[in-house]
Each structure stands twice: as C-alpha cells, then as structure tokens.
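First residue of the sequence shown: 1, per UniProt numbering; consecutive thereafter.
By construction, the Cβ of each residue, glycine as well, lies at the ideal position given by its N, Cα and C atoms.
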Amino acid sequence: MPFPPPPVKTKGVRPSAPTLRRQTGDLLADLAKKAGIIDPAIVTYWADIVGPDLEALCRPVRLKKNRGAFVLHVDVPHGGAATQVHYAQGNILAKASRHVGRPITRLVIEQTGRRAEPTRWRSRRMTDPQVDRPPFSVGSAATTEEALAALRKALSETDSP
Numbered sequence: 001m002p003f004p005p006p007p008v009k010t011k012g013v014r015p016s017a018p019t020l021r022r023q024t025g026d027l028l029a030d031l032a033k034k035a036g037i038i039d040p041a042i043v044t045y046w047a048d049i050v051g052p053d054l055e056a057l058c059r060p061v062r063l064k065k066n067r068g069a070f071v072l073h074v075d076v077p078h079g080g081a082a083t084q085v086h087y088a089q090g091n092i093l094a095k096a097s098r099h100v101g102r103p104i105t106r107l108v109i110e111q112t113g114r115r116a117e118p119t120r121w122r123s124r125r126m127t128d129p130q131v132d133r134p135p136f137s138v139g140s141a142a143t144t145e146e147a148l149a150a151l152r153k154a155l156s157e158t159d160s161p
C-alpha cells in the first residue's frame, strides 16, 4: 500500500491590507501633533475657560509641547484685547489645564489684527494753498523788525471786529 504524499506546507491566509481609515487616522494624528492643533476640549469649553467677555476678544489657536511644558497660543485682534488676556492669564491657564487634564504652563498672546497703514503726509494737501495764505508776507520785509511790525498789524486787524 502506497504511502500518502506528505502534506504540502502552505502559508496561512494573508491579512488584508490596512483600511484607509486606519492609515489616514495615523497620518492625521501625526500631522496634528506636528502642527500643534488645538485640543478639542479647549475649543469646546473656551467660553467657560475665559468667560463671556474675553471669548469675544480672543480665540485659541494651538497647544504645543515645548521642552516638556505645554504652551497655549491665543490670537487677539488688537493691543487692548491682548492686555485684558494678559491680566487674566493665571485664570486662563488654570482653567484650561483643568479641562485638558494636563498642566499648561505658558500662554502666548499673538496679535493678529490689521496694522495701520503709514500716513503719507507729503503726498496729500489738507487745504488749498491759495485759501490759507496769510494776510501779510514775511518775504517783503527787509528786517526782522519790519516783519514783526507787519505781524502785529495783521493780528490787530483780525482781533478788532
């Protein structure tokens, strides 16, 4: 009686390729960590953390880990809002740490409002130069005394009704 052939060793069922959700989830988590995207707990409870007055003036931007310490970055539109957030910094850090569950040790206030454009005083005239010409001309006086006399005369004419 012939012997049966030896069993053929085959590889087991191959696992399927990882799902797209698993791949993108890891990728997005890595990107969020690198970019310092804000913790959802801070965004959800922002009104409780800063209060209704400051909620309208500032918004959380990112939470970064810097040398083992967490730093909360906040955007404000102008210097007045930055001052108010700075005064409330201790309360904001304490409440944000409580909501996130880890200590946030520093608050960075970034002013993001528009900067004022520089004024170009020389490029525009405020009034017509012919209208604002003084009633006397200093250039016609030969000496300083004559110029002062002309000035006194012009002032006395404008003072009297």
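For residue j and residue i, believed in contact at Cβ under 8 Å, the rounded distance
i, j, result
"Leu72", "Ile104", "5 Å"
"Val74", "Ile109", "6 Å"
"Arg98", "Phe70", "Not quite, the Cβ-Cβ distance comes to about 13 Å (not below 8 Å), so this is no contact."
Under 8 Å between C-beta atoms of residue i and residue j
i, j, result
"Cys58", "Val85", "yes"
"Asp48", "Lys95", "yes"
"Val50", "Ile92", "yes"
"Ala88", "Gln111", "no"
Helix, strand or coil at residue i [DSSP, three-state]
i, result
"Lys153", "helix"
"Val8", "coil"
"Pro60", "strand"
"residue 164", "With the chain covering only 1 through 161, there is no way to say anything about residue 164."
"Thr19", "coil"
"Arg39", "Sequence inspection shows Asp at residue 39; the Arg mentioned does not correspond to that position. Note: Asp39 maps to coil in three-state DSSP."
"His86", "helix"
"Arg14", "coil"
"Ala69", "strand"
"Arg102", "coil"
Best match in the options for proximity to residue i [C-alpha to C-alpha]
i, options, result
"Gly68", "Ala56, Arg106 and Pro77", "Arg106"
"Gly113", "Glu146, Leu151 and Gly79", "Gly79"
"Lys64", "Leu148, Leu31, Ser156 and Leu20", "Leu31"
"Pro77", "Ala56, Pro52 and Pro4", "Ala56"
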